Amino acid sequence: DQHFDTVIACLVFCTIPDPNQAAQEAFRVLKPGGSLLSLEHVLSERPWIQRLQKTLNPAWKPLACGCQLTRDTARIFQRAGFQADTARQHRHPKLPAFAGELYEGRLLRP
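Here the sequence shown is numbered in the UniProt record's numbering, starting from 1 and rising by one per residue.
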């Protein structure tokens, strides 16, 4: 418990079977003031992209090693107790719309 200063997770929470449990575990092992550095595919805030993501997700998941395009990772982190520091959701301009919605940055364990 409270042993590490930083946890790094890139394209992990969009893929693992139980992201809620993993977020709670990351919170548990971080020291107060510790950072979770993350980059994840997430569900878009734009309705037309959401529809596209939800339509493509069943085919995308087996092709992308379990990655899911429809997770609300920011909410998962918030429920685990993290506070967004520099974390933000944005669209990557060089990725297709359905896979380019990302949540990235630093979250803090208070």
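No residue lacks a Cβ here, since even glycine has one placed at the ideal position from N, Cα and C. Computed from a prediction, not measured in an experiment: that's the story for all the values here.
Nearest Cα to Pro62 within the set Thr15, Gln2, Ala9: Thr15. Contact between the stretch 23-35 and the stretch 52-69 is absent: fewer than 3 CB-CB pairs across the two stretches fall below 8 Å.
A direct Cα-to-Cα measurement between Pro17 and Ala23 gives close to 12 Å.
Cys10 is bridged by DSSP to Leu39. Under the DSSP assignment, Arg71 falls outside any alpha helix (DSSP H); it carries neither an H nor an E label.
According to the DSSP secondary-structure assignment, Phe4 is paired through a beta bridge with Leu30.
At a cut-off of 3 residues, the continuous stretches assigned as beta strand (DSSP E) that sit fully inside the stretch 55-98 are 88-91. Contact check for Glu104 and Leu39: beta-carbon distance about 4 Å, within the 8 Å limit, so the pair qualifies. Pro58 sits exposed, since fewer than 16 C-beta atoms from the chains shown fall within 10 Å of its C-beta.
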